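Student: Chains as they are written, first to last, in this note's numbering: chain A, 1 to 340; chain B, 341 to 680. All C-beta atoms, glycine included, are put in the ideal place defined by N, C-alpha and C. Computed from a predicted model, the values in this text were never measured in an experiment.
Number of protein chains: 2
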Amino acid sequence: MRTIEWRSGVVVTLDQTVLPVEEKWIEMRSCREVASAIKEMKMRGAPLIGVAAAYGLALTAYHSKAETEEDLMQELEKCAETLRKTRPTAVNLFWAIDRVMNKARTIQGNLEELKKAVVSEAQAMADEDVETNRRIGKHGAKLLSNGDTVLTHCNAGSLATVDYGTALAVIRAAWEEGKRIKVIADETRPKLQGARLTAYELMHDGIPVTLITDNMAGYVMSKGLVDKVIVGADRIVRDGVANKIGTYTVAVLAKEHGIPFYVAAPTSTFDLSKRSEDVIIEERSPDEVTHFGSVRIAPEGVKVMNPAFDITPLKYVDAIICEKGVLTRKEFLRLVKEKV
Amino acid sequence: MRTIEWRSGVVVTLDQTVLPVEEKWIEMRSCREVASAIKEMKMRGAPLIGVAAAYGLALTAYHSKAETEEDLMQELEKCAETLRKTRPTAVNLFWAIDRVMNKARTIQGNLEELKKAVVSEAQAMADEDVETNRRIGKHGAKLLSNGDTVLTHCNAGSLATVDYGTALAVIRAAWEEGKRIKVIADETRPKLQGARLTAYELMHDGIPVTLITDNMAGYVMSKGLVDKVIVGADRIVRDGVANKIGTYTVAVLAKEHGIPFYVAAPTSTFDLSKRSEDVIIEERSPDEVTHFGSVRIAPEGVKVMNPAFDITPLKYVDAIICEKGVLTRKEFLRLVKEKV
Chain A
1 MRTIEWRSGV
11 VVTLDQTVLP
21 VEEKWIEMRS
31 CREVASAIKE
41 MKMRGAPLIG
51 VAAAYGLALT
61 AYHSKAETEE
71 DLMQELEKCA
81 ETLRKTRPTA
91 VNLFWAIDRV
101 MNKARTIQGN
111 LEELKKAVVS
121 EAQAMADEDV
131 ETNRRIGKHG
141 AKLLSNGDTV
151 LTHCNAGSLA
161 TVDYGTALAV
171 IRAAWEEGKR
181 IKVIADETRP
191 KLQGARLTAY
201 ELMHDGIPVT
211 LITDNMAGYV
221 MSKGLVDKVI
231 VGADRIVRDG
241 VANKIGTYTV
251 AVLAKEHGIP
261 FYVAAPTSTF
271 DLSKRSEDVI
281 IEERSPDEVT
291 HFGSVRIAPE
301 GVKVMNPAFD
311 ITPLKYVDAI
321 ICEKGVLTRK
331 EFLRLVKEKV
Chain B
341 MRTIEWRSGV
351 VVTLDQTVLP
361 VEEKWIEMRS
371 CREVASAIKE
381 MKMRGAPLIG
391 VAAAYGLALT
401 AYHSKAETEE
411 DLMQELEKCA
421 ETLRKTRPTA
431 VNLFWAIDRV
441 MNKARTIQGN
451 LEELKKAVVS
461 EAQAMADEDV
471 ETNRRIGKHG
481 AKLLSNGDTV
491 LTHCNAGSLA
501 TVDYGTALAV
511 IRAAWEEGKR
521 IKVIADETRP
531 KLQGARLTAY
541 ELMHDGIPVT
551 LITDNMAGYV
561 MSKGLVDKVI
571 VGADRIVRDG
581 VANKIGTYTV
591 AVLAKEHGIP
601 FYVAAPTSTF
611 DLSKRSEDVI
621 IEERSPDEVT
631 HFGSVRIAPE
641 GVKVMNPAFD
651 ITPLKYVDAI
661 ICEKGVLTRK
671 EFLRLVKEKV
């Protein structure tokens, strides 16, 4: 079952803000609705918001009343602008928008052809995402041994992608190969994607999962309960990996305990012309920290920091697992050099 | 304003489970009520539950209908047994119970004298706690410089003691000396003592505090926003410090970033005949992790770990601040050797 689907002019997705208590599918019919759903994190996860953005452009094309290709291109540019403003950190969003817009610009046919091209590019990207994730899983599974316990942070699963996931793809692939893997999931405050989404996905698949609070990561590692760490990524730059806040904390702990730390992400997450200092870290509402739903858990008016991401320097990353294979840190650095 | 008070046969305390939303004072009139309040964490913090246990014995003595000293001693022993079963990790609980019981055993007078002795021993311990904390503050303040930002975990403040706190005593004392200190408070999942109690206390005193989720600790350190870390302790053994879950994670991060890591605790927390492996780590209800109040935040039936404490090996601890002064790790180790 895919996390996002195109149904002739309607994009359907699972509202991730109400999982696991409620499984509520929402329908989006316009670029604006897609942008809102991304902003409100009804859809989240770098690969998923990339495909969602592509579908946002597809909705614009599909429902457009424009009478010329130029008018439609203007509508698409406007939609692209709206989507670009939703979330600044994950690069897949920008990559996906650029890909669809570049495709649109190459169309030299009539208005209908342009519309069709935009829709089918978005659909192709959704299909490719699943294929990419399957490959990530297959490559990464080699790194896991029978009996391993893998700690993961946030949700880099089906729900962060169109299907199958990235970090969880590796775990799923190893599981499908018959390796008995166990997972420890960090709850991942403030939005609790680990507790709400990763635990939900893995229980659904019958893969053993134990939930911990983020601050127990050091404890479980010190007790020898973690063999490997695998996380996803929102943007991989020349010198580090931007991912959900708390990833860096886990990486430092893994290093201290001699536990391999792997990042699983498609190459669409690579942004090798950039460095850490170029990445905009999204600062989200203080309410995410001070409230739980409508329940206040901190004094009124308390000052809060709420960066949604952090950057893990490459020295903490043992390998990056992408659809092309497993890149050790050394191999990744060679790739970075080639891209100068 | 004290966190706990004796009012002729009634022990009054602030219910810490409903702070900061509600300031609700509860009255306890029996040992059983005190034991329940400790178990349910209406009172928490090693020094506070020590004094609370002493008051539990005082309530037994005060309200006893025993007609002989022997009968009263039996009642006290029964109360002590009930209190000892509440929480296993903090040593102050056991220390306080032993101290009152030892005092009781030395009384060679009549029944009334025994009753009075138990009550006044408990009261003396409450007064001593405040004096001890003032001294901890004074000694520790020397370690803080004007302009420092101190990260603290959980709540080692007034609310964890009778008054003034331990880790927060150091911050308060430095502040009172005119040093402009800022505090970063970890929210401290699962029970959120940082968000609910530390933020509340510091805002009350006008000391600048910024709240973060536990998994942001690495991020703020990497950004150079933390000069020192100070935490409390539930039990200090020969080779490590047992304290609220997540303390070890913070300690590893502090070491990685070259940030001094201090523990502030009274010597009643020292348990120098024991080693880490002797400390029982309390495992609390999974509901604390899977629920927020009545709201479920994880799939039904998910497996959970919920250790309430962890142990930070001494190598991560730069100094222990107690009422006798600041012990560097080296000095502490010398003390440990002397105690063989």
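So, under 8 Å CB-CB, R180 of chain A and G147 of chain A are touching, yes? Tell me the CB distance rounded to an integer number of Å.
Tutor: 6 Å
Student: Who are the near neighbours of H291 of chain A in its chain, counting only those whose CB is closer than 7 Å to its CB and skipping five residues on each side?
Tutor: I297
Student: Using C-beta distances below 7 Å, list every residue in its chain close to T422 of chain B, excluding the 5 sequence neighbours before and after it, in chain order.
Tutor: C371, R372, A375
Student: In chain order, what residues of the same chain have a beta carbon less than 8 Å from the beta carbon of V459 of chain B, not counting five sequence neighbours either side?
Tutor: Correct list, in chain order: W346, A398, A401, Y402.
Student: Are Y164 of chain A and R134 of chain A closer than 7 Å when you measure CB to CB?
Tutor: yes
Student: Note down, in chain order, all residues in the stretch 644–670 of chain B with a beta-carbon under 7 Å from any beta-carbon belonging to chain A.
Tutor: V644, M645, P647, D650
Student: How many Å lie between A343 of chain A and G218 of chain A at the Cα?
Tutor: Look at the range of chain A in this structure, 1 to 340, and you will see that residue 343 of chain A is not part of it.
Student: Pop quiz: A591 of chain B and I661 of chain B are said to be a contact at Cβ under 8 Å. What is the actual Cβ separation, rounded to whole angstroms?
Tutor: The Cβ separation is near 15 Å, so there is no contact.
Student: Assuming contact is defined by CB atoms lying nearer than 7 Å, are S485 of chain B and E541 of chain B in contact in what I supplied?
Tutor: no
Student: Report the option in B:G572, B:K664, B:L673 whose CA atom is closest to the CA atom of L654 of chain B.
Tutor: With distances taken between Cα atoms, L654 of chain B lies closest to B:L673.
Student: Give a yes or no on whether 7 Å exceeds the smallest Cβ distance from N110 of chain A to chain B.
Tutor: False, the Cβ-Cβ gap to chain B never drops below 7 Å.
Student: With 16 other CB atoms within 10 Å as the buried threshold, where does G418 of chain B fall?
Tutor: It should be pointed out that residue 418 of chain B corresponds to Lys in this sequence rather than to Gly. The residue is exposed, with fewer than 16 neighbouring Cβ atoms inside 10 Å.
Student: Terminal residues of the continuous alpha helix (DSSP H) containing V119 of chain A?
Tutor: 111–141
Student: If I measure Cβ to Cβ from D554 of chain B and keep anything under 7 Å in the same chain, skipping five residues before and after, which residues do I get?
Tutor: Only D526, E527, T528, R529, G586 meet the Cβ criterion.
Student: Can the beta-carbon of N306 of chain A be found closer than 7 Å to that of R284 of chain A?
Tutor: yes
Student: Cα-Cα, which of A:E300, A:T269, A:K191, A:M216 is closest to P20 of chain A?
Tutor: A:K191
Student: Is it buried or exposed for I230 of chain A, if we count other Cβ within 10 angstroms and need 16 for buried?
Tutor: Residue environment: I230 of chain A is assigned as buried (16 or more neighbouring CB atoms within 10 Å of its CB, all protein chains considered).
Student: Going by CA-CA distance only, name the one from A:H139, A:R84, A:T132, A:V51 that's closest to E121 of chain A.
Tutor: A:V51
Student: So, is the C-beta of T429 of chain B closer than 7 Å to a C-beta in chain A?
Tutor: Interface residue (Cβ-Cβ distance to chain A less than 7 Å): T429 of chain B is not classified as such.
Student: Can you tell me which residues form a DSSP beta bridge with C322 of chain A?
Tutor: A:G325
Student: If you run the structure through DSSP and keep just helix, strand and coil, what is V231 of chain A?
Tutor: Strand at V231 of chain A.
Student: Using a C-beta cutoff of 7 Å, does V21 of chain A count as contacting chain B?
Tutor: Chain B, which has a Cβ nearer than 7 Å to the Cβ of V21 of chain A, makes this yes.
Student: Excluding five sequence neighbours on each side, which residues of the same chain lie with their C-beta closer than 8 Å to the C-beta of A110 of chain A?
Tutor: This sequence places Asn at residue 110 of chain A; Ala is not what is there. Correct list, in chain order: E69.
Student: Three-state secondary structure (DSSP) at Y164 of chain A?
Tutor: Note: Y164 of chain A maps to coil in three-state DSSP.
Student: For A573 of chain B, I'd like the list of residues in its chain whose CB is within less than 6 Å of its CB, leaving aside the five on either flank, ordered along the chain.
Tutor: Within the same chain, and ignoring the five residues on either side of A573 of chain B in sequence, the residues whose Cβ sits closer than 6 Å to its Cβ are V581, N583, V603, A605, T609.
Student: Would you grab the beta carbon distance between V220 of chain A and V183 of chain A for me? Rounded to a whole angstrom, and I think it's under 8 Å.
Tutor: Not confirmed; about 12 Å, so no contact.
Student: If the cut is a Cβ gap below 7 Å, which residues of chain C does I297 of chain A touch?
Tutor: Absence of chain C from the displayed structure is noted, the protein chains being A and B.
Student: Could you check how far apart the C-beta atoms of G385 of chain B and N495 of chain B are, in whole angstroms? I think they sit under 8 Å.
Tutor: 7 Å
Student: Just tell me which of A:F261, A:L253, A:A195 has its CA closest to the CA of V18 of chain A.
Tutor: A:A195
Student: Which residues, in order along the stretch 194–222 of chain A, keep a beta-carbon less than 8 Å from a beta-carbon of chain B?
Tutor: A195, R196, A199, Y200, M203, P208, V209, T210, L211, I212, T213, D214, N215, M216, A217, G218, Y219, V220, S222
Student: Which residues of chain B have a Cβ atom closer than 8 Å to the Cβ of I245 of chain A, listed in chain order?
Tutor: By Cβ distance, chain B contributes T553, N555, M556, Y559.
Student: Between D15 of chain A and K42 of chain A, which are expected to be in contact by the criterion C-beta below 8 Å, what is the C-beta distance as a whole number of angstroms?
Tutor: 5 Å
Student: Which residue's Cα is closest to the Cα of E128 of chain A: A:G206, A:V295, A:A199, A:R2?
Tutor: A:R2
Student: Taking a cut of 9 Å between CB atoms, which residues from the stretch 361–390 of chain B lie near chain A?
Tutor: V361
Student: From D545 of chain B to I552 of chain B, what does the alpha carbon distance come to, in whole angstroms?
Tutor: 19 Å
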